[in-house]
Ligand code: NAD
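Residue numbers (UniProt numbering): 1 to 370.
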């Protein structure tokens, strides 16, 4: 039975192809056991594309990305391509995807699995059961606002300028994503801004509130100053469900929230674009980690970040929330059973390879679905 959905897989460089192999195994399992007729196409991005085509992503792959229901990316970059000029570096492939797909909402879950509660730098009682989703505006704000630049003043000193700027529409579209995500969770959104000192923050707060009142009255909305939010994230992180914020604050708060979980190899992400006439959003899913050249080729990378990114993709782009939940449950059970890749190794646990981790997930899926 075909789902009519198309997924573009771009494994990329370094550990990208190693961890992506375990996602392919999951897709095969879903096909065999859950009748999921997903059309999968593959392409090159980053250094792999530079080696094959001389560019970090070629036009045919870009066309596939535009046509696909979702793109799942491994990681790009590595020392082999470090000396290339900026315009030809592997990272440009990823930047082009983000730009051309107009991905304005970045979703970064911070989930603490019970079995990994000790990996957090915070006390276990503060992070046990933690499940936060940070929705960061990704294409506007101070990183893109004009005017910008460094100028030399008459007295020879210099002045650096960046501009924080947001429009009604930019705020509403990212807030809408946050409310929609919250609707499928515990229905709480906290919007973080600096309305106490910035006009763009006043606008942010007013527009988020207005959209809430018009379209999402059943979601509980609170507002918090971004500096307080940073503090609350380490003081009492469990008070949050979905946090929505701008590009700059989101950059900082999402990294802070990631650290609460304590392990880079476990962190997935999604970036979403505008919905088309039939409600389909362009989307890119990728682990938060990079290509990890220090361990590439050794078969020891943790595949769980990309597997959890694929689970997000199933839920948000492929209409397969049930399958996403199955995969997340299997991950939890494998961790509860004491299996660990090197990056999340703990005393008295079993250290396993990328491949064995993938196989363990499949075994748990077989048990859960039996
Ligand atoms: P990195 O995330 O690749 O690695 C940081 C550290 O975490 C390394 O010690 C690495 O071994 C470890 N690590 C990362 N992912 C892991 C996993 N799944 N399992 C086990 N250990 C893991 O960051 P970096 O070292 O700063 O960058 C390396 C390369 O990756 C650079 O070329 C950089 O530009 C690129 N990069 C790409 C992305 C991306 O593709 N989105 C993101 C960040 C960095």
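Here a beta-carbon is modelled for each residue, glycine too, at the ideal position from N, C-alpha and C.
Since we're looking at a predicted model, the values are computed, not measured.
Of the residues 292, 314, 277, 261, the one whose Cα lies closest to the Cα of residue 133 is 261. Between the alpha carbons of residue 235 and residue 229 lies a gap of roughly 10 Å. Annotation for residue 291 indicates a beta carbon within 8 Å of some heavy atom of the ligand NAD. Closer than 8 Å to some heavy atom of the ligand NAD: that describes the Cβ of residue 76. Inter-residue distance for residue 121 and residue 154 is about 49 Å (C-alpha atoms, whole angstroms). Relative to the ligand NAD, residue 264 has its C-beta within less than 8 Å of a heavy atom. Looking at 25, 138, 79, the one whose alpha-carbon comes closest to that of residue 271 is 138. The beta carbons of residue 192 and residue 253 sit closer together than 9 Å. CA-CA distance, residue 117 to residue 339, rounds to 15 Å.
Residue range 268 to 275 is occupied by the beta strand (DSSP E) that includes residue 275, with no alpha helix (DSSP H) assigned at that position.
In the displayed model, residue 185 falls within coil according to three-state DSSP, outside both helix and strand.
Under the three-state reduction of DSSP output, residue 143 falls in the helix class.
Look at residue 82: its beta carbon is less than 8 Å from one of the heavy atoms in the ligand NAD.
At a threshold of 8 Å, residue 300 counts as near the ligand NAD, since its beta carbon sits closer than that to one of the ligand's heavy atoms.
By the neighbour-count criterion, in which 16 or more other beta carbons inside 10 Å mark a residue as buried, residue 54 falls on the exposed side. Going by C-alpha positions, residue 186 is about 21 Å away from residue 250. Residue 126 holds the alpha-carbon nearest to the alpha-carbon of residue 232 among 311, 209, 126.
Contact holds between the segment 303 to 317 and the segment 69 to 82, because three or more Cβ pairs, one in each stretch, are under 8 Å apart. For residue 191, the pairing in a beta bridge is given by DSSP as 223, 244.
Note on geometry: alpha-carbon atoms of residue 247 and residue 140 lie some 7 Å from one another.
Secondary structure note for residue 44: it is in no beta strand (DSSP E), with a DSSP letter that is neither H nor E.
Annotated three-state conformation of residue 295 is coil, per DSSP. The beta carbons of residue 149 and residue 165 sit about 15 Å from each other, so the pair does not count as a contact at 8 Å.
Here the alpha carbons of residue 278 and residue 175 stand approximately 20 Å from one another.
Taking every protein chain shown into account, the CB of residue 46 has 16 or more other CB atoms within 10 angstroms, so this residue is buried. Here the distance from the Cβ of residue 15 to the nearest heavy atom of the ligand NAD is below 8 Å. In the structure shown, residue 74 falls within a strand segment according to DSSP collapsed to helix, strand and coil. A distance of 9 Å or more separates the beta carbons of residue 336 and residue 119. Counting only the Cα atoms, residue 242 lies some 10 Å from residue 180. The DSSP assignment places 304 to 316, 321 to 336 as complete runs of the alpha helix (DSSP H) inside the segment 278 to 344, in order along the chain (cut-off: 4 residues). Relative to the Cα of residue 182, the nearest Cα in the group 172, 135, 144 belongs to 135.
Across the set 9, 34, 61, the C-alpha of 9 shows the shortest separation from the C-alpha of residue 23.
Collapsing the DSSP output to three states places residue 5 in a strand. Assignment of residue 133 by DSSP, reduced to helix, strand and coil, places it in the strand class.
Around the Cβ of residue 196, a 10 Å sphere holds fewer than 16 other Cβ atoms; the residue is exposed.
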